[in-house]
Amino acid sequence: MIKWLKRSRLGASVTPSPFPGMDPYLEDPRLWPSLHTRLITVIADTFLPQLSEDYYTLIEERVYIGDADDPGAPYIVPDVSVGQSERDVGTGGGAAAVAEEPLIVVTLPDREIREAYVTIRDRKNHELVAVVEVLSPSNRIHGSAGWRNYVSKREAVTSSATPFVEIDLLRGGERLIPRQASRRADYLVHVSPAWLRPKGQVWPIRLPDRLPTVPIPLKTPVEKLSLDLQEALTTIYERGGYNRVIDYAQPPDPPLTPEQAAWAKDVLANAAGAKA
Numbered sequence: 623m624i625k626w627l628k629r630s631r632l633g634a635s636v637t638p639s640p641f642p643g644m645d646p647y648l649e650d651p652r653l654w655p656s657l658h659t660r661l662i663t664v665i666a667d668t669f670l671p672q673l674s675e676d677y678y679t680l681i682e683e684r685v686y687i688g689d690a691d692d693p694g695a696p697y698i699v700p701d702v703s704v705g706q707s708e709r710d711v712g713t714g715g716g717a718a719a720v721a722e723e724p725l726i727v728v729t730l731p732d733r734e735i736r737e738a739y740v741t742i743r744d745r746k747n748h749e750l751v752a753v754v755e756v757l758s759p760s761n762r763i764h765g766s767a768g769w770r771n772y773v774s775k776r777e778a779v780t781s782s783a784t785p786f787v788e789i790d791l792l793r794g795g796e797r798l799i800p801r802q803a804s805r806r807a808d809y810l811v812h813v814s815p816a817w818l819r820p821k822g823q824v825w826p827i828r829l830p831d832r833l834p835t836v837p838i839p840l841k842t843p844v845e846k847l848s849l850d851l852q853e854a855l856t857t858i859y860e861r862g863g864y865n866r867v868i869d870y871a872q873p874p875d876p877p878l879t880p881e882q883a884a885w886a887k888d889v890l891a892n893a894a895g896a897k898a
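Residue numbering for the sequence shown is 623 to 898, as defined by the working numbering.
Here is the structure:
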């Protein structure tokens, strides 16, 4: 049975996620930007104490332009409709005649999108020794600006001698990992050390699984570095107070399969029983 209440690191009583691994409710596109920011920050903070003073971590950004017609726009641009469709605009509906219907055109500039990722660098010459990415929903929409920008960055890093780590905690969209490595996975972690390419290490993760602790390779393999992904997710869930935001009485977005939904229902029932 899942314990619902526990003591946090700050001494206050907190409500952890009821799920043993990834919480599927955190995949909601409305929550993901905040969660992504928190997770990137916690990952960078987790690395620093493990590294010698010869290295440091940074949170850097990729920047690209997204427009309203982009396939990934629903995942990065808020819904600002006010109840009227394009067909409704300009039709008066009253007795007064309208001389001309207005044109429906884009009147605002394209949006600049920023996506953060973690880098580890050598203190002496600031050389890049590792890159860690956490995928966003727009990176999983084939053909979108987010997809193209991410693929370009991914190819640039994996064509160099820099180790690359890719954390994918999303069920929706398309994956860049070959199907045979991710066919049965709900989530995955991909680690690409330069010495192993074009092969890579893949941790396939099912929804009920605890998230793994992953070794992080560096360009200079003197340091030992790892990421306890479950601990990182637990930390941001507690710090972000996501139990106050998520309505577990509703289905998650994206939806679960029938088998997953039945399992999640049992998990939530057990958690509610523990709370009572």
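No residue lacks a Cβ here, since even glycine has one placed at the ideal position from N, Cα and C. All figures in this text were calculated on a predicted structure; none of them were measured in a lab.
- Inter-segment contact for the stretch 821-835 and the stretch 846-866 is present: three or more beta-carbon pairs are separated by less than 8 Å.
- Under DSSP, Ile-827 takes part in a beta bridge, and its partners are Tyr-809.
- Shortest Cα-Cα distance from Val-787 to any of Asp-744, Arg-745, His-812 and Glu-734 involves His-812.
- Secondary structure at Thr-842: coil, using DSSP grouped into helix, strand and coil.
- When secondary structure is reduced to three states using DSSP, Ala-871 falls in the coil class, being assigned neither helix nor strand.
- Apart from sequence neighbours up to five positions away, the residues of its chain that approach Asp-650 with a beta-carbon distance below 6 Å are Asp-875, ordered along the chain.
- Note that the C-beta distance between Met-644 and Asp-808 is below 9 Å.
- Counting C-beta pairs closer than 8 Å gives fewer than three between the stretch 765-781 and the stretch 742-749, which falls short of the contact rule.
- When C-alpha distances from Glu-845 are compared across Ser-804, Arg-801 and Val-751, the shortest belongs to Val-751.
- For Glu-788, the secondary structure class from DSSP, reduced to helix, strand or coil, is strand.
- Contact between Glu-860 and Val-636 is confirmed by a C-beta separation of about 5 Å, below the 8 Å threshold.
- Closest in alpha carbon position to Gly-794, among Pro-830, Pro-837, Trp-654 and Gln-802, is Trp-654.
- The residues Trp-654, His-658, Glu-737 and Gly-768, in chain order, have a CB closer than 7 Å to that of Ser-758 in the same chain once the five nearest residues on each side in sequence are set aside.
- Measuring C-alpha to C-alpha distances from Ile-789 to each of Pro-815, Glu-755 and Ala-896 identifies Glu-755 as the nearest.
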